[in-house]
Amino acid sequence: MKKYLFFLCMATLYCTMTFAQSNFGKYSMQHSTSESELQQYVGQHVKVFEYSPANGIDDSYDAYRFDDMGGITDAIYTIEKIKVGKFIFIDLVSDSGKKVKAKVNLNHEKNYKGMKTCESFFLIDKFEADKNTIIGKAINNSEGQPVAKVIDFKMLGSYNKFPTPHIVIKSDFDGSIISCTEEEAKVACSYYGKTLTHPKVKHQYKVVGISYPKPKEAYNPKYALYNLQNPENPDKKEVCEVNNPEIDAFEHDLEGHYVSVLSKVEKPANPAIRYGKTTTVEDKDKNISKYSYVDNVIDILIFGGSKQFDFILRNVSDNSIKVVWNEAVFVDYDGTTSKVMHVGTKYSQREADQPASTIIKGAKIEDLAAPNCNVRYSDILKEWVTDSMYPSKPALEPGQLRLMLPIQIKDVVNEYIFVFDVNYVYDHPERLNL
């Protein structure tokens, strides 16, 4: 269901943390063929991150090469010496005293003899120095108010992604925690502390934090929800999707369903057909309203659902009548017309000729009318599906739907037009300004 709103809402952090693949930016040992330039890294603590073969990332090659040279990925080493010759030779020693001589190809080549780049070596000392500076930084919302704090700074990776620097932030309101990048923090915290209102809803919500199923892992907005608090009832908590909180926060308050209410029946122009009587019939078992229309030709009980009109049609005239399906018409809210299909019509043949249904005097049929325009074949489900006649969004006032049933008496076709108002019925009207 969505677009993110990016706000300039975060106090400037110590660094910009956007990196690609195994290049960790300022936290990478920079690749160089100059021995003098590389000497700056002697004495520093480094590590090569472990990558899963399932990641399918090309630069995971360096982790495998490092293992082949006797190194251990994710272990911490101290650089003892760097020398440039046919390769970049990097002498390493672990805290336990194990020595490793790593070889890096000069020109970013990939071969079995050496690693591809020096950039696969992560500079631990530099990262830890920045960590001490970043922890404790305040994060602002879109209105410039401090709403969260950085409580940790660490490298996090996920499937198909190399580890990248992530800040761990804690909400000042409810203490919820997420691990995310700087840009993600700008989006996530932009609404913290803000009060959300809706013109139709009586109460308000305050955004106090984020619910995330795995707070110790890299943040993914797809699975995150904002924590909401009703200021009038602080103990009552709700959640909504982070993508569009102004709307999603009130989703439960605006819950309901659309109903079709028969507003009128336009009788045929034939003067021999008298004006009919319309009554409402409540079906308490199914909790729906059906509508009865009776004149001197037809007695019909009809109701509209989300996908079709169902009806029982009885012939009360002295002659046989026919429902001329080829001429039946459905009219949408905007006046768009469509043929209809009924019981026994194959989905694939819905636009083909449909024989009329004959009803002798005193007899009846139970049938339905579904607009052809809403029927389609789903390539995903591998089956035919019927879309709803109602809007996909809640709480709208879409207008009217019309169904024209042509009833033939002898050689005369009489058009009965059933006009339905589509209304939205709220499940919680007590919460709303109606």
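Here the sequence shown stands for residues -20 to -1, 1 to 414, where the numbers follow mature numbering (1 follows the signal peptide of the UniProt record, and there is no 0). A virtual CB, placed ideally from N, CA and C, is assigned to each residue, including glycine.
Below 7 angstroms CB to CB, which residues in the same chain sit around residue i once its five sequence neighbours on both sides are set aside?
i	result
residue 443	Since the displayed the chain opens at -20 and closes at 414, residue 443 lies outside it and no answer follows.
Pro211	Gln184, Lys186
Phe(-14)	Low per-residue confidence applies at Phe(-14): pLDDT is 32, beneath 50, and the placement is therefore not dependable enough to give any value.
Asp407	Glu235, Gly236
Ile389	Val277, Ser297, Asn299, Ile301
Thr259	Ser272
Lys216	Asn210
Phe46	Val28, Thr53, Ala82, Met95
Asp75	Ile56
Glu331	Lys319, Asn352
Asp228	Cys220, Glu221
Does the distance from the CB of residue i to the CB of residue j come in under 9 angstroms?
i	j	result
Ser240	Val355	no
His178	Glu226	yes
Tyr7	Leu103	yes
Lys117	Lys134	no
Ala308	Val222	no
residue 423	Val219	In this structure the chain extends from -20 to 414, so residue 423 is not present and cannot be described.
Ile147	Ile114	yes
Ile280	Arg294	yes
Lys63	Glu15	yes
Lys180	Asn413	yes
Asp275	Lys247	yes
Pro386	Val304	yes
Asn250	Val392	yes
Tyr92	Asp48	yes
Gln24	Asp105	yes
Grab the span of the alpha helix (DSSP H) containing residue i for me, first residue to last.
i	result
Val167	162 to 169
Ile301	No alpha helix (DSSP H) contains Ile301, which is instead part of the beta strand (DSSP E) from 301 to 303.
residue 437	No statement about residue 437 is possible, as the shown extent of the chain runs from -20 to 414 and does not include it.
Ile227	225 to 228
Tyr17	Looking at the sequence shown, residue 17 is not Tyr but Glu. Looking at the DSSP string, the run of the alpha helix (DSSP H) that includes Glu17 is 15 to 18.
Ala43	41 to 48
Could you say which of the options lies nearest to residue i if we only look at CA atoms?
i	options	result
Phe310	Lys257, Arg382, Asn213, Val245	Arg382
Lys344	Thr316, Asp110, Ala375, Ser300	Ser300
Asp347	Leu242, Met321, Tyr357	Met321
Pro201	Lys182, Phe69, Asn224, Glu123	Asn224
Pro193	Ile158, Ser40, Val304	Ile158
Lys364	Thr325, Ile62, Ile339	The sequence as given places Trp at residue 364; Lys does not occur at that position. Ranking the options by Cα distance to Trp364, first place goes to Thr325.
Glu162	Ile360, Asn120, Lys182, Phe142	Asn120
Met9	Asp359, Val405, Met369, Phe107	Phe107
Phe291	Lys362, Phe398, Tyr203	Phe398
His88	Asp132, Gln125, Ser12	Ser12
Phe67	Gly23, Asp233, Leu18, Asp391	Leu18
Lys78	Gly50, Ile70, Asp359	Gly50
Asn335	Asn306, Lys244, Gly342	Before going further, note that residue 335 is Pro rather than Asn in the sequence given. When only C-alpha atoms are compared, the closest one is Asn306.
Excluding sequence positions up to five away, which residues of its chain have a Cβ less than 6 angstroms from the Cβ of residue i?
i	result
Gly284	Ser240, Phe400
Tyr199	Ile158, Ser159, Cys160, Glu164
Leu86	Thr13
Met384	Val309, Glu395, Ile397
Pro126	Ala118, Asn120
Asp154	Val188, Gly189, Asn207
Gln288	Leu348, Ala350
Tyr370	Tyr238, Ser286
Give every residue of the same chain whose Cβ lies closer than 8 angstroms to the Cβ of residue i, excluding the five residues on either side of it in the sequence, and list them in chain order.
i	result
Asp54	Lys27, Val28, Phe29, Glu30
Pro409	none
Asp42	Ser2, Val28, Met95, Lys96, Thr97, Ser100
Arg411	Val181, Lys182, His183, Asp233
Which partner residues does residue i have in the DSSP bridge list?
i	result
Arg294	Asp279, Lys344
Gly189	Asn207
Asn91	Gly94
Pro143	DSSP lists no partner for Pro143.
Ala118	Lys129
Asp152	DSSP, once it has assigned bridges, lists no residue as partnering Asp152.
Ser159	Val148, Ala198
Met321	Ala350
Val274	Lys257, Asp279
Can you tell me where the beta strand (DSSP E) holding residue i begins and where it ends?
i	result
Pro214	213 to 221
residue 484	This structure cannot settle anything about residue 484, because the visible part of the chain is limited to -20 through 414.
Tyr406	392 to 406
Phe310	309 to 311
Glu123	Run containing Glu123: none; DSSP gives neither H nor E here.
Ser240	236 to 246
Arg382	379 to 389
Arg356	355 to 358
Ile62	57 to 64
Val261	257 to 263
Ser337	337 to 339
Lys25	Just to set this straight, residue 25 is His in the shown sequence, not Lys. Counting along the chain, the beta strand (DSSP E) containing His25 begins and ends at 25 to 27.
Val80	79 to 84
Thr366	363 to 366
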